[in-house]
Amino acid sequence: MEHVDHILIVDDDREIRELVGNYLKKNGLRTTVVADGRQMRSFLESTPVDLIVLDIMMPGDDGLMLCRELRAGKHKATPVLMLTARNDETDRIIGLEMGADDYLVKPFAARELLARINAVLRRTRMLPPNLVVTESGRLLAFGRWRLDTSARHLLDSDGTMVALSGAEYRLLRVFLDHPQRVLNRDQLLNLTQGRDADLFDRSIDLLVSRLRQRLLDDAREPAYIKTVRSEGYVFSLPVEVMGASS
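In terms of the numbering used here, the sequence shown opens at residue -13 and continues consecutively.
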């Protein structure tokens, strides 16, 4: 039986969640709508979903708190698309820092939400387009780190595991498959997210910042991901492909 993607919509506005839910159903997706974090947790305990549409502005636990909770728990790999207020750039930035895969500003057209959902699902299930694919199940070694491409996590020199979000993993794979090559923001956004940058899109810069934190890379004098003024970023170390991961 063909898989039908299941979308969980978390929004306290009944009209919005019903309109969005009905529109997505008409376009071939399975949908469930809930009003708050408590209902979201309860539903996820028994039912896996393919993507969560999460409103930021909700009473009680807001979307930012819930996104952080998702990324810290067993649903850390589930894609999250956040809905934000038009003038709330700070919330959008924080949402991306906490691991949201994409965001959409209210008010929005339902067809744009559908397009964003499909794009997020597509890029979470495959390596980005134009990415030079290394053999799956390999360890990619650089500096003090190794990336397990099967489990999709980092290992430091002591073998300690560092979990990565889906977005962090995709960006690191792009850098490791294109080492010592300058990549501009448009290239990085297209390779990792399959879309072009908006004029004020800061998502790549935020993602680079998060990845530097994972690598314990000093942003003032980075050893791994260097900023090239007016051009973009470059992964400065050579990368070694090691044997298959266990």
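Quick reminder that beta carbons are idealized off the backbone N, C-alpha and C, glycines included.
Beta-carbon proximity list for Asp203, same chain, < 7 Å, skipping 5 on both sides:
Ala209, Tyr210, Ile211
Is it right to say Asp36 is buried, meaning 16 or more other beta carbons lie within 10 angstroms of its own, or is it exposed?
buried
Can you tell me whether DSSP reads Arg198 as helix, strand or coil?
helix
Do the CB positions of Leu162 and Leu192 come within less than 8 Å of each other?
no
List, from N- to C-terminal side, the alpha helix (DSSP H) runs of 4 residues or more that fit wholly inside the region 34 to 76.
49 to 58
Buried or exposed: Val19, going by 16 or more other Cβ atoms within 10 Å of its Cβ?
buried
Might you give, ordered along the chain, the residues of its own chain that have their beta carbon closer than 6 Å to the beta carbon of Ala127, omitting 5 neighbours on each side?
Glu226, Met228
In whole angstroms, what is the alpha-carbon distance linking Arg(-2) and Val168?
As written in the sequence, residue -2 is Asp, which differs from the Arg given in the question. Each residue's alpha carbon lies about 44 Å from the other.
For Arg24, does the count of other Cβ atoms within 10 angstroms reach 16, so buried, or fall short, so exposed?
exposed
Neighbourhood of Cys53 by C-beta distance below 8 Å, restricted to the same chain and skipping five residues each side
Leu40, Val66, Met68, Gly81, Met84, Gly85, Ala86
Nearest-angstrom Cβ-Cβ length linking Lys62 and Ala137, presumed shorter than 8 Å
Incorrect: roughly 13 Å between the Cβ atoms, too far for contact.
Considering only the alpha carbon of each residue, which of Asp(-9), Arg16, His(-11), Ala21 lies closest to Arg3?
Ala21
Which two residues bound the contiguous alpha helix (DSSP H) that contains Val148?
Element bounds for Val148: not the alpha helix (DSSP H) but the beta strand (DSSP E), 147 to 149.
I'd like the list of long-range same chain contacts for Ser222, defined as Cβ closer than 6 Å, with 5 residues on each side in sequence excluded.
Lys212
Thinking Leu5 and Ile38 are a contact (beta carbons under 8 Å), I'd like their distance in whole angstroms, please.
Contact doesn't hold; Cβ gap of about 18 Å is too wide.
Quick one: what does DSSP say Phe161 is sitting in, helix, strand or coil?
helix
Cβ neighbours of Asp77 in the same chain (closer than 6 Å, five flanking residues each side left out):
Ile42, Thr70
Could you check the C-alpha separation between Val118 and His164 for me, to the nearest Å?
Residue placement at Val118 is flagged as unreliable, the pLDDT there being 41, under the threshold of 50; a coordinate-derived value is accordingly withheld.
Applying the criterion that 16 or more other CB atoms from any shown protein chain within 10 Å of the CB defines a buried residue, is Arg206 buried or exposed?
exposed
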